Ligand SMILES: Nc1nc2c(ncn2[C@@H]2O[C@H](COP(=O)(O)OP(=O)(O)OP(=O)(O)O)[C@@H](O)[C@H]2O)c(=O)[nH]1
Ligand SMILES: Nc1nc2c(ncn2[C@@H]2O[C@H](COP(=O)(O)OP(=O)(O)OP(=O)(O)O)[C@@H](O)[C@H]2O)c(=O)[nH]1
Ligand SMILES: [Mg+2]
Ligand SMILES: [Mg+2]
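Residue numbers (the working numbering), protein chains in the order written: chain A, 239 to 533; chain B, 6 to 281.
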């Protein structure tokens, strides 16, 4: 455990009144290992350790807390602060002044977009709203069947592509016809795509340009490793991301990638996927995530 | 003294960071950096080409710990397992196409009876690969569908079964038990037929891949890994740690979403891709 490792580092620090550059150096090494083990990005880790060092230097070691405890508290608090958006409302879905409100989901292949789309629809329905699902993945075999099955399960209208329609077309038609189909919030499920696939990035950028969705969310797998920041930065450069969804958080992955992404892009984490079920969507809690990352 | 190149702290740190950035993990990265540091001491010049060569050798030596003179057994049951969204179903289709082109009589078994449209997705892949598929009722017990697929296939001369299973998180005990049941059923239905049990792993996965491999391996003795989504920017360096720590060999690499986007694992090329 990180706490024990850091306590060990400071075991010989009895009687020294302050945390100094020298004595926190070894503790910072332990923190670094913990963060990398948790899949926090190498660069993000560096910057984070700098912040912790600044906060730790010169800290008085009181009689009530050991130097190790002071150190761990600084790390924990700093992590929570970076996971908490400055604007308290940043982690909530935004609704358009005039319906329909649009939620565009984007991300790499297999991250959980389709499942999350349906979960969001159920979430909104339980909140008294009238969501509709748009099946805009024309790439993956049986993607439309998958979303249609989920839509039926939660009893929400679904817009499926008509012959000859591309992803943008089905989204445009859904926007045009949703109000008469009793849906005033549309969740656009899109195909998984690589951030380096120019054609696919153009496709989703066009959906954004033509429809200006109020919410654009990057769906991120909790087990993502060092590649997370590359991917997120590229998506954020083409789409003004408004939120992140962390999926498969019911696994035992520490989830450091989502910390890297939010700290590098400034995009707030809004939801966590915590099971395969339609009810498996929770709001994001910074303090829980901080403890999880630190292991 | 013949060679005596001493690498600077900055160079060593930079090396470690670039290896960690490939998802190799800091333990493996630090071990490799120490080895390269020692190797460079026997060199006369701090030449960057030499550095790259030693780095690649350190990576390759770990990848070569697992046998690379492998051929697909005949007959064989290939079981694909792994966490949600890793690429199992797509890989099943790709393998079916490849083994069928190799002259095998292939049968796909739709062992995922749980997720929405799972069977439809595999059916589309069977049609693309032009191979037979056996599926059951959605929601039926996976072991029952797998049993029927094997029995049916064996009576029709199938010599290569590819069994797709539902994605599952390795920390879900009940789902791991379900998988063990599928493995037992394969042994019952096709006794004596060699089994390949492959963990399908997304190259984007970080250190959690170690937990995944350990858990799946403990429950069903994996015989290999298929690493997917290498057409993206993730490097998949975690397989270096998996080869060294668990002795798990990589058999194939997924390099795209198309039927043909699968290549055999080649350690030397992989080491060069990790250390360009
Ligand atoms: N345990 C768990 N599984 C999840 C969660 N979210 C999604 N999944 C599973 O992850 C797998 C992939 O989910 P999809 O919704 O198909 O992912 P996707 O991003 O739409 O995939 P593509 O469209 O192919 O890019 C499925 O097996 C889902 O059931 C989650 O929060 N927890
Ligand atoms: N770019 C790329 N995408 C891939 C590759 N392999 C699979 N995919 C994509 O990853 C997504 C998930 O693939 P699936 O085959 O459904 O994954 P799975 O493991 O069967 O998922 P579950 O059954 O839900 O656990 C799909 O969009 C695939 O097209 C690959 O090698 N490269
Ligand atoms: Mg999808
Ligand atoms: Mg599947």
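Quick reminder that beta carbons are idealized off the backbone N, C-alpha and C, glycines included.
Note that this is a predicted model, so its numbers are computed, not measured.
- [ ] Output the distance between the C-alpha atoms of residue 69 of chain B and residue 267 of chain B, rounded to the nearest integer angstrom.
- [x] 21 Å
Open item on the list: Per the DSSP calculation, residue 481 of chain A is bridged to which residue(s)?
Closed with: A/455
TODO: Quickly, what does DSSP pair residue 439 of chain A with across the bridge? List them, please.
DONE: The partner list for residue 439 of chain A (beta bridge, DSSP) is empty, contrary to what the question assumes.
- [ ] Tell me whether residue 85 of chain B sits in a helix, a strand or coil according to DSSP, three-state version.
- [x] strand
Open item on the list: Let me check one thing: in DSSP terms, what residues is residue 20 of chain B bridge-paired to?
Closed with: Beta-bridge pairing links residue 20 of chain B to no other residue.
Open item on the list: Can you give me the C-alpha to C-alpha distance between residue 399 of chain A and residue 127 of chain B, rounded to a whole angstrom?
Closed with: 21 Å
Task: DSSP bridge partner residues for residue 427 of chain A (one or two, in chain order) - done: A/373
Open item on the list: Less than 6 Å separating the Cβ of residue 435 of chain A from some heavy atom of ligand 1?
Closed with: no
Open item on the list: Can you find the residues in the same chain that come closer than 7 Å, C-beta to C-beta, to residue 394 of chain A, ignoring five residues on each side of it along the sequence?
Closed with: 359, 363, 369, 370 and 371
Open item on the list: Let me check you understand the geometry: is the CB of residue 486 of chain A closer than 6 Å to at least one non-hydrogen atom of ligand 3?
Closed with: no
Open item on the list: Please give the ranges of any alpha helix (DSSP H) in the segment 320-389 of chain A, keeping only runs that are unbroken, at least 4 residues long and fully inside the region.
Closed with: 351-364
Task: Proximity test, Cβ basis, 7 Å: residue 118 of chain B and chain A - done: no
- [ ] For residue 202 of chain B, count neighbouring Cβ atoms within 10 angstroms of its own Cβ and tell me buried if that reaches 16, exposed if not.
- [x] buried
Open item on the list: I need the DSSP call for residue 130 of chain B, collapsed to helix, strand or coil.
Closed with: helix
Task: Contacts around residue 514 of chain A, its chain only, beta-carbon distance under 6 Å, and the 5 residues preceding and following it disregarded - done: none
Task: DSSP state of residue 298 of chain A mapped onto helix, strand, coil - done: strand
- [ ] Flag this pair as yes or no: are the beta carbons of residue 478 of chain A and residue 323 of chain A separated by less than 7 Å?
- [x] no
Task: Contacting positions in the segment 484-504 of chain A - beta carbon closer than 8 Å to chain B - done: 486, 488, 489, 490, 491, 492, 494 and 495
Task: Straight-line Cα distance separating residue 257 of chain A from residue 249 of chain A - done: 13 Å
Task: Contacts of residue 250 of chain B in chain A (Cβ-Cβ under 7 Å) - done: Per Cβ cutoff of 7 Å: no residues; residue 250 of chain B is ~14 Å from chain A at best.
TODO: Pick helix, strand or coil for residue 433 of chain A, following the three-state DSSP scheme.
DONE: coil
Open item on the list: Our contact map puts residue 24 of chain B next to residue 34 of chain B with C-beta atoms below 8 Å; I'd like the distance itself, whole angstroms only.
Closed with: 4 Å
- [ ] Consult DSSP for residue 107 of chain B and reduce its assignment to one of helix, strand or coil.
- [x] coil
Task: Below 7 Å from a heavy atom of ligand 4 - residues by beta-carbon - done: B/93, B/94, B/117, B/120, B/123, B/126, B/169, B/171 and B/172
- [ ] Label residue 295 of chain A either buried or exposed according to how many other C-beta atoms from any shown protein chain fall within 10 Å of its C-beta, with 16 as the threshold for buried.
- [x] exposed
Task: Contact set between residue 434 of chain A and chain B, taken where Cβ atoms lie within less than 9 Å - done: 236, 237 and 238
TODO: For residue 275 of chain A, go through chain B and note every residue whose CB falls closer than 8 Å to its CB, in chain order.
DONE: 30, 31 and 212
Open item on the list: If we define contact as Cβ-Cβ less than 7 Å, is residue 25 of chain B a contact residue for chain A?
Closed with: yes
Open item on the list: Quick check: residue 493 of chain A and residue 530 of chain A, are their CB atoms within less than 7 Å of each other?
Closed with: yes
- [ ] Taking a Cβ distance cut-off of 9 Å, strictly less, list which residues of the segment 81-106 of chain B are near chain A, in chain order.
- [x] 88, 89, 90, 91, 92, 94, 95 and 98
TODO: Return yes when at least one heavy atom of ligand 3 lies under 6 Å from the C-beta of residue 351 of chain A, else no.
DONE: yes
Task: Exposure of residue 175 of chain B, with buried meaning 16 or more beta-carbon neighbours within 10 Å - done: buried
Task: Chain-order list of residues whose beta-carbon lies under 6 Å from that of residue 317 of chain A (same chain, five-residue window excluded) - done: 528
Task: beta-carbon residue 378 of chain A near ligand 2 non-hydrogen atom, thresh 6 Å - done: yes
Task: Test: residue 395 of chain A CB closer than 7 Å to a CB of chain B - done: no
Task: Residue nearest to residue 262 of chain A in terms of C-alpha spacing, selected from A/397, A/361 and A/246 - done: A/246
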